[in-house]
Every structure is written in structure tokens, then in C-alpha cells.
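Scroll down for the structure; my scribbles are underneath it.
Protein chains: 2
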Amino acid sequence: MTLRGRKKGEAVPQGVVVRLPIYFRYLTELESAGVERIASAQLGEALDFTAAQIRSDLSYFGSFGQQGYGYNVSELLQQVKQILGLQRVYSMVLVGAGNLGKAIGSYEGFRKQGFDLKAIFDIDPHLIGNHHAGCVIRSLDELPEYLKENQTDIGIIATPKEAGQSVCDIFTAGGVPSIWNYSPTNLTVPDEVIVEDMHLTDSLLRLAFRLNERGFGGSSE
Amino acid sequence: MTLRGRKKGEAVPQGVVVRLPIYFRYLTELESAGVERIASAQLGEALDFTAAQIRSDLSYFGSFGQQGYGYNVSELLQQVKQILGLQRVYSMVLVGAGNLGKAIGSYEGFRKQGFDLKAIFDIDPHLIGNHHAGCVIRSLDELPEYLKENQTDIGIIATPKEAGQSVCDIFTAGGVPSIWNYSPTNLTVPDEVIVEDMHLTDSLLRLAFRLNERGFGGSSE
DNA sequence: TTGTTCTTGTTAATTATTCGACAAGATGAC
DNA sequence: GTCATCTTGTCGAATAATTAACAAGAACAA
Numbered sequence: 010m011t012l013r014g015r016k017k018g019e020a021v022p023q024g025v026v027v028r029l030p031i032y033f034r035y036l037t038e039l040e041s042a043g044v045e046r047i048a049s050a051q052l053g054e055a056l057d058f059t060a061a062q063i064r065s066d067l068s069y070f071g072s073f074g075q076q077g078y079g080y081n082v083s084e085l086l087q088q089v090k091q092i093l094g095l096q097r098v099y100s101m102v103l104v105g106a107g108n109l110g111k112a113i114g115s116y117e118g119f120r121k122q123g124f125d126l127k128a129i130f131d132i133d134p135h136l137i138g139n140h141h142a143g144c145v146i147r148s149l150d151e152l153p154e155y156l157k158e159n160q161t162d163i164g165i166i167a168t169p170k171e172a173g174q175s176v177c178d179i180f181t182a183g184g185v186p187s188i189w190n191y192s193p194t195n196l197t198v199p200d201e202v203i204v205e206d207m208h209l210t211d212s213l214l215r216l217a218f219r220l221n222e223r224g225f226g227g228s229s230e
Numbered sequence: 010m011t012l013r014g015r016k017k018g019e020a021v022p023q024g025v026v027v028r029l030p031i032y033f034r035y036l037t038e039l040e041s042a043g044v045e046r047i048a049s050a051q052l053g054e055a056l057d058f059t060a061a062q063i064r065s066d067l068s069y070f071g072s073f074g075q076q077g078y079g080y081n082v083s084e085l086l087q088q089v090k091q092i093l094g095l096q097r098v099y100s101m102v103l104v105g106a107g108n109l110g111k112a113i114g115s116y117e118g119f120r121k122q123g124f125d126l127k128a129i130f131d132i133d134p135h136l137i138g139n140h141h142a143g144c145v146i147r148s149l150d151e152l153p154e155y156l157k158e159n160q161t162d163i164g165i166i167a168t169p170k171e172a173g174q175s176v177c178d179i180f181t182a183g184g185v186p187s188i189w190n191y192s193p194t195n196l197t198v199p200d201e202v203i204v205e206d207m208h209l210t211d212s213l214l215r216l217a218f219r220l221n222e223r224g225f226g227g228s229s230e
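As you go down the protein sequences, you meet chains A and B in turn. For the first sequence, the numbering used here gives the first residue as 10, with consecutive numbering after it. For the second sequence, the numbering used here gives the first residue as 10, with consecutive numbering after it.
The following block contains the structure:
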């Protein structure tokens, strides 16, 4: 898994990490559409980035193109998958079987990329025992024991904000290396644990801000 | 709605837009907890930013603190609300009443901030007529007509990727100034339309990338 | 072949963002 | 009232990210 290219060893800028999944998504579409080759200029046009940025981003990981030709779509897609770590399978555990938790659990988008939801936990006695997304919903009390017995790559938190930190603590105590957090709170974790936040409300507030920034009228309260 | 402060007129950096909702969320927690004052150093400690960054961010919009004292929590929260545009009420329309759409529709987090879900549309005849989140689910065919009669601030797209662009087109044709997009596709919109993407899979791929970047072992396929 | 057109990967310049430092001014103890 | 302590808002330095430009080399047409 050594990374090639001139920038070997350098840290990958945040922006590159954000753009990689976008490249992945678009390349997947291109491949499905039967497109064989693409140049950075075309990619940039489609995704609204500069061609230089795309070439620069990819150069962190290697040289995947060819002068005078561009990139072979399938080959580049393969490389991007490799870069993102999609040659692996990831085991996931979900805590919180409310509306949001259920939606995440039954989302098809990542299951086919090798992200396997292995178990669901909740604290609500009414939900425990129900089936969802091919899993039985278990009591949160059983989570520490479960984590001892089952290697887990990603812990998903889809609880109200009050429970977010305590669930997170159970995950980190159980050795789960990464957290996908939908609970609207800032989690405190040991340095080595990776947290990826999905704060729905934050996203909506950014939208509201930009709406107002552009002098949008809107309805007054 | 004139913005004060030394940087008046300058564009607000992307990072500031990302951090504002985080400030909002934390200040709300502080106020609920009865905390009266806070210094940028403490805020930075709690949110893992530098104190200078927080002061710099706020300075884009005005001077809200006091030397030797810090910030009054309630007052600063009020200002941040104003900056984000939360003195307004926003009308929203949701397209897509699948698992994810339902979860978004019934999410309490933004309803209380003045984001009002007014109507839900779907294309599936089995769903049309059902009630959800206080709305009847209507046929997507009725959306253009609805938008003519009802001023709408935010269009929410929670459809599969195939339908994303066409729903987006209906929104923009209907004069909706902003889109909150959950469909896993890159939308093409006129310049003046604001798009805020929430791509669940992209987020998960960023997590996978960082997991691999740190030389995480994981399960091989 | 040969020459023209393309397009990459990389460098250097530009632009943007973050951060440390500090003067100015408020607070609060005595 | 006086002084030591805090803490802001801002400036300039340092760091980071983006972009334009171009040499090198492949593709393709004639």
C-alpha cells in the first residue's frame, strides 16, 4: 500500500480528501456510460474544478494519465478506489434506530462499495428485537460485549445529542478506530480515533447563511 | 442587514462558513447550561480551534466581545443567529419520501430553528396520499404548480441519483433560490442558485480514506 | 516517417487562510 | 483611585492551497 508520486510522504490537503469521493462518483458514472477516456480539462468542466487542480490532486498518489491522451476512465477509477481504500471490506455497527438511523442502515449507496452493516443497537425497549436492514436491533447494554467479540471498523452514531458522547465512549473503549457521527454534538475522542461528522443542521445553517449573504429577501418572522 | 467590522465587503472564507454553525451549536449548549461569559481561549479549547481563529472569524461580522471580559454567551449567540439568518423563517419543500426523505422530514433539529417543511412530493403512487411529518405526500407532477402558488426558500432533494437533476430543474424553474441536496449526484444549476450537498457516501469514503491513510489494517476482501 | 496537436506532471507564482503577537482598553482586587 | 490582570480586535508573518505556465512526451494525421 505504498503511495507513489513526487509528493510521497507529504500530508494530503483537506481539499483533496473532499474531492476524491467526487472524482470517484463521477468516474463511476462515466464508466457506466461506457466512456473510455477523459482529459483533466473535461473532468474539470464537468465537476467545476480547474484542470490543474485535478492533475495536482491525482499527483499526490501517482501518475495515472498519459500525455496526449488523458486518463483511461476504468483504470483511473480503479486507482481512485485503491486510494480511497475500497479494495477492503469494512464492518460497521449502528447505534440509534430512529428515523435517521433506519435511513442510514437501509441506504444502498455504500453497501455495494464494501461497507457492511453488522449490527444495530438502541436503548428503546420498543425497538429492541425488531428487524431492520437485515439485523436484529439489540439493546445498547450489549454493545461493549459485542465489540469484544467482533472486530468493528466504523461505529455509526445516530442518536440524539445527549447520547452521542456516551455511545462514542463505548466505541472507543471497544477499540473501534473510526466514528461516523450523525448526532449533533462535538465528540471528544483519543487522538488516534477518526471522526467524520455529518451534522444535518450545520449543513442547513450554511445554506441559510449563504442565502442571506446573497441579499436574499426571504420571509420575515 | 449591513455587516459591520473591518472586513466589511470582503468575501467570507469558506472555513468561516463551516465554523459558524459549530459556534452556534456550542453557544446554544452553553446558554442552556447557564454559562454567562466565555473567552475565545475557552471556546477554542472546547471546539479545538485556536483562539485567534475564533476572534478572526467573528471579526468578519463585527465586534461582539469586550477586553478583559470575553463574550457574553447569550449576546454572542444572538449575534451568531443574526449572522446565520435565523431571525427569518424558511419555507422548505421535500421531494423523495423514501427512508432518507422521511428521516429528514421528521428531523426535529431544524424545525425549531425556523425551518418549516411545507410540503412533500414523491413519484411513487403507493406513497402518494400518505401523511408524514404533518404533510400529505403529493404527486411530483403537482410540484411546478405548487411552486407557482407557494413561495419556497429551500428545495430538498432526497431522491435516487437518477431523479436528482430533473427534480432540481423543477425547483430552479419554479424560482426556488436554494437546494439542499441529498441525492448522490452533482447538480447543475444557474449561477444564482445555491446548492448545499449532503452526500452520505462521500462522507463515508472520506472516513475510509483517512482510516487507510493512517495505515489501518482492516479486513481484506 | 515527420510534424502538428494534445495533454500530462510539475514548478513557480499567486492567492487564501491561519496563527502568533501586541497595543488598547476593560475588569476587578485592594 | 490605582495597579495588575485579562482579553479583545487587528496586524503582519508564516503556512497552505490553488492556479497558470510550460517542458516532455504520446497520439494521430498526412
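For each residue, glycine too, the CB sits at the ideal point set by N, CA and C.
Between which two residues does the alpha helix (DSSP H) carrying residue i extend?
i                      : result
residue 211 of chain A : 209-222
residue 128 of chain B : Taken as a continuous stretch (DSSP letters only), residue 128 of chain B belongs to no alpha helix (DSSP H), being part of the beta strand (DSSP E) at 124-131.
residue 288 of chain B : Residue 288 of chain B lies beyond the stretch modelled for chain B, which goes from 10 to 230, so this question has no answer here.
residue 100 of chain B : Where residue 100 of chain B is concerned, there is no enclosing alpha helix (DSSP H), although the beta strand (DSSP E) it sits in stretches over 97-104.
residue 63 of chain A  : 60-68
residue 113 of chain B : 108-114
residue 82 of chain B  : 82-93
residue 145 of chain B : Premise fails: residue 145 of chain B lies in the beta strand (DSSP E), 144-148, not in any alpha helix (DSSP H).
residue 175 of chain A : 170-182
residue 49 of chain B  : 49-56
residue 119 of chain B : 117-120
Where do the ends of the beta strand (DSSP E) carrying residue i lie?
i                      : result
residue 40 of chain B  : Premise fails: residue 40 of chain B lies in the alpha helix (DSSP H), 23-41, not in any beta strand (DSSP E).
residue 206 of chain A : 203-206
residue 164 of chain A : 163-166
residue 190 of chain A : 187-190
Out of the options, which has the shortest C-alpha to C-alpha gap to residue i?
i                      : options                       : result
residue 66 of chain A  : A:177, A:83 and A:24          : A:24
residue 121 of chain B : B:21, B:43, B:220 and B:97    : B:97
residue 48 of chain B  : B:76, B:142 and B:140         : B:76
residue 31 of chain A  : A:55, A:173 and A:166         : A:55
residue 118 of chain A : B:220, B:191 and B:43         : B:191
residue 152 of chain B : B:200, B:28, B:197 and B:131  : B:131
residue 200 of chain A : A:181, A:174, A:206 and A:114 : A:181
residue 50 of chain B  : B:68, B:79, B:114 and B:115   : B:79
residue 126 of chain B : B:224, B:177 and B:99         : B:99
residue 139 of chain B : B:223, B:68, B:107 and B:69   : B:107
residue 172 of chain B : B:73, B:64, B:104 and B:74    : B:104
residue 165 of chain B : B:156, B:177, B:159 and B:154 : B:177
residue 174 of chain A : A:73, A:198 and A:72          : A:198
residue 52 of chain A  : A:42, A:64 and A:43           : A:64
residue 221 of chain B : A:158, A:170 and A:203        : A:203
residue 170 of chain A : A:159, A:161, A:207 and A:224 : A:207
residue 19 of chain A  : A:43, A:42 and A:71           : A:71
Checking 7 Å against the spacing of the C-beta atoms, do residue i and residue j come in under that value?
i                      : j                      : result
residue 38 of chain A  : residue 82 of chain A  : no
residue 101 of chain A : residue 179 of chain A : no
residue 168 of chain A : residue 193 of chain A : no
residue 86 of chain A  : residue 40 of chain A  : yes
Assuming residue i and residue j form a contact by the criterion Cβ under 8 Å, report the distance between their Cβ atoms to the nearest whole angstrom.
i                      : j                      : result
residue 124 of chain A : residue 89 of chain A  : Not a contact, Cβ separation roughly 16 Å.
residue 218 of chain A : residue 29 of chain B  : 6 Å
residue 109 of chain A : residue 116 of chain B : 7 Å
residue 69 of chain B  : residue 21 of chain B  : 6 Å
residue 112 of chain A : residue 112 of chain B : 4 Å
Flag this pair as touching only if the segment 58-68 of chain B and the segment 174-186 of chain A have three or more C-beta atom pairs under 8 Å; answer yes or no.
no
The segment 208-222 of chain B / the segment 76-94 of chain A touching (three or more Cβ pairs under 8 Å)
yes
So does the segment 142-150 of chain B actually touch the segment 126-142 of chain A, counting three or more Cβ pairs closer than 8 Å?
no
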